[in-house]
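Quick notes on the structure that follows.
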Amino acid sequence: MKKLLLALTTFAVLAAGCSAGGNAPAGNASTDKPKEQAAGQEGAAKKRVALILPEKIGVNPFFQQMDEGAKKAGQEFGAEVKSIESTDHGAIEENLRVAVAENYDLIITSSFEAEDALKKVAAENPDRNFAIIDTVVDLPNVRSVTFREQEAAYLMGAAAGLATKTNKVGMVVAMDIPLLKKWTGGFQEGLKSTNPNAEFLVNYVGSFTDPAKAKELALLQASKGADFINGAAAVGDLGVFEAAKEKGFFTAGQDVDRTTIDPEHIVLSQLKGTDAAAYETVKSFVEGSFKPGVVNYGLKEKGVGVTYVTHESKTPLNAFIGQEVVDKVKAISEEIIAGTRKVPDSF
């Protein structure tokens, strides 16, 4: 869910991007033989990878991590990696076409914002290899990387169920849409697993970019006794964090470690390894094992996680959570990885 991965360190959603270079003719197809075959050939020229980002690097940690992961793989495995930022939705398709025209061997993009553009450009260039991270494009020359966010959300809910003192736990969510059910459903299942008597409060902002409304809803839940309120409202999480600081309840962030912002109140973060996804995509292409189709990352593949449970944090553990809770949730995580505890795929 890319929109939940909007940067919570800034209110800026729109930022100036930089152009990828000269415009390419629409539908300009490569005349090279399939790059998948060429990727594993010894003595081949240095592989060239283009990463087409829907936003400006530095605004959104989701894309920042992706840029870092792809470039790290490029350095380690001898590929040329270029990131191209998009100024708006329309620029995504233009940048994909530019990458095709400039003869990049592998073209990577991300999120549902890029889905329609990639469907069009990839279909017009069947001999070119593409990848998309965090959504699915079902074409024979596209690798789609998805995440089992519900597994990390389950751990977050389990931790909340163990930690709550009021037996009331809340969640402020961007929108009531199928895309976000993995977050709300996974969290609620985890909560029920450790505290079936806990009351679950959930409210929807109706937007991905409304911190004021998210704050209002968080304050409403706090007034009803919730002592832990999980933020899943994209930019709106800024409002949840502000409310937590004002009223003294505990909360959690998304995508990257948010505990460093306000460790007194932001006590957990749900993590998504877009850096690992980009790294593995570039690595597999250079090594010759890249294949189209769907690749799915969860706890087992270290594609998702929760601070203190699956990943270390620079921030000391808050006493509201405590080591006993962490240890219990770690055991739950191991059960999910081993397959002895099942988290639903859909809700």
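Here the sequence shown is numbered in the numbering used here, starting from -8 and rising by one per residue.
Note that beta-carbon positions come from the ideal geometry of N, C-alpha and C, so glycine has one too.
Just so we're clear, the structure is a prediction, and the values are computed from it rather than from any experiment.
Distance, residue j Cα to residue i Cα
i	j	result
Ile328	Thr185	18 Å
Thr157	Ala217	7 Å
Asp248	Thr301	12 Å
Asn51	His80	15 Å
Ala344	Val277	Since the first residue shown for the chain is -8 and the last is 338, residue 344 is missing from the structure and cannot be characterised.
Leu108	Leu208	Rather than Leu, the amino acid found at residue 108 in this sequence is Ala. Answer to the nearest angstrom: the Cα atoms are 35 Å apart.
Thr200	Lys263	20 Å
Gln245	Asn132	31 Å
Pro307	Asp266	24 Å
Asn14	Gln66	Low confidence applies to Asn14: its pLDDT is 34, below 50, so where it sits in the model is not reliable, and the reading given next is rough at best. Whole-angstrom Cα-Cα distance: 28 Å.
Leu229	Thr137	26 Å
Arg119	Ala223	36 Å
Glu316	Thr242	Checking the displayed sequence, the identity of residue 316 turns out to be Val instead of Glu. Each residue's Cα considered, the two are about 16 Å apart.
Asp58	Ile48	8 Å
Phe281	Gln55	23 Å
Ala314	Ala154	First, the amino acid is wrong: residue 314 is Gln here, not Ala. Between Gln314 and Ala154, the C-alpha separation is close to 11 Å.
Ala20	Asn116	With a pLDDT of 32 at Ala20, under the threshold of 50, the modelled position of that residue is not reliable, and the figure given next carries that caveat. If I take the Cα positions, the gap works out to 5 Å.
Leu(-3)	Ala268	With a pLDDT of 42 at Leu(-3), under the threshold of 50, the predicted position of this residue should be treated as unreliable, and no value is reported.
Ala225	Asp336	22 Å
Lys110	Pro187	43 Å
Ser324	Phe191	22 Å
Ala205	Phe103	23 Å
Ala105	Pro45	7 Å
Thr345	Glu255	No answer is possible for residue 345: the residues shown for the chain start at -8 and end at 338.
Gly330	Glu237	41 Å
Val334	Val295	14 Å
Ser101	Tyr288	15 Å
Phe240	Gly60	35 Å
Lys215	Ile168	25 Å
Glu292	Glu326	14 Å
Val112	Ile257	42 Å
Ala322	Phe53	28 Å
Leu182	Arg332	14 Å
CA nearest to the CA of residue i, picked from the options
i	options	result
Ser275	Ile99, Glu46, Ile43, Phe53	Ile99
Thr250	Phe240, Lys305, Lys111	Lys305
Glu71	Ala90, Gln55, Phe53, Phe54	Ala90
Ala114	Tyr95, Asp129, Ser101	Asp129
Glu303	Lys238, Ser260, Thr175, Trp174	Ser260
Lys173	Glu142, Leu210, Ala151	Glu142
Gly279	Lys204, Ser198, Leu44, Gly69	Gly69
Asp318	Pro335, Asp336, Val297, Ile124	Val297
Gly284	Phe53, Leu170, Pro45, Ile123	Ile123
Arg139	Val112, Glu106, Gly177	Gly177
Asp96	Phe103, Glu106, Phe121, Ser102	Phe121
Asp253	Glu271, Lys111, Asn309	Asn309
Phe338	Thr175, Ile43, Phe103, Glu46	Thr175
Tyr270	Phe53, Ile43, Pro45, Lys62	Lys62
Ala203	Lys215, Gly227, Pro169, Lys291	Gly227
Val164	Leu182, Val196, Gly152	Val196
Ala82	Ile43, Phe53, Gly60	Ile43
Lys152	Phe53, Phe311, Lys333	With the sequence shown as reference, residue 152 is identified as Gly, and Lys is not the correct amino acid for it. Ranking Phe53, Phe311, Lys333 by Cα distance to Gly152 puts Phe311 first.
Gln213	Lys183, Ser198, Lys159, Gly289	Checking the sequence, you will find Ala at residue 213 rather than Gln. When each option's Cα is compared against that of Ala213, the closest is Lys159.
Tyr299	Phe53, Met147, Val112, Gly289	Met147
Nearest-angstrom Cβ-Cβ length linking residue i and residue j, presumed shorter than 8 Å
i	j	result
Val286	Arg134	6 Å
Glu93	Tyr145	Not confirmed; about 43 Å, so no contact.
Ala149	Val320	5 Å
Ile220	Met162	7 Å
Leu211	Asn194	7 Å
Residue i Cβ short of 8 Å to the ligand GDP heavy atom set
i	result
Asn221	This structure lacks the ligand GDP, and indeed carries no ligand of any kind.
Quiz prompt | Three CB pairs or more closer than 8 Å across the region 59 to 76 and the region 84 to 101 | solution = yes
Quiz item: Taking only runs of the beta strand (DSSP E) that begin and end inside the region 207 to 246, which ones reach a length of at least 3 residues, in chain order?
Solution: The qualifying runs are 219 to 223, 241 to 246.
Practice problem: Any chance you could list the alpha helix (DSSP H) runs of at least 4 consecutive residues sitting entirely within the region 122 to 182, in chain order? | Solution: Correct list: 140 to 154.
Exercise. Tell me the start and end of each unbroken beta strand (DSSP E) in the region 51 to 115 that is at least 3 residues and wholly inside, in chain order.
Key: 71 to 76, 97 to 101
Quiz item: Are the region 39 to 50 and the region 226 to 235 touching by the rule of at least three beta carbon pairs closer than 8 Å?
Solution: At 8 Å Cβ cutoff, the stretches do not touch.
Practice problem: Would you mind listing the beta strand (DSSP E) stretches within the region 245 to 315 that are 3+ residues and don't spill past its ends, in chain order? | Solution: Taking only runs of at least 3 residues, the beta strand (DSSP E) segments lying wholly in the region 245 to 315 are 257 to 263, 284 to 288, 295 to 297.
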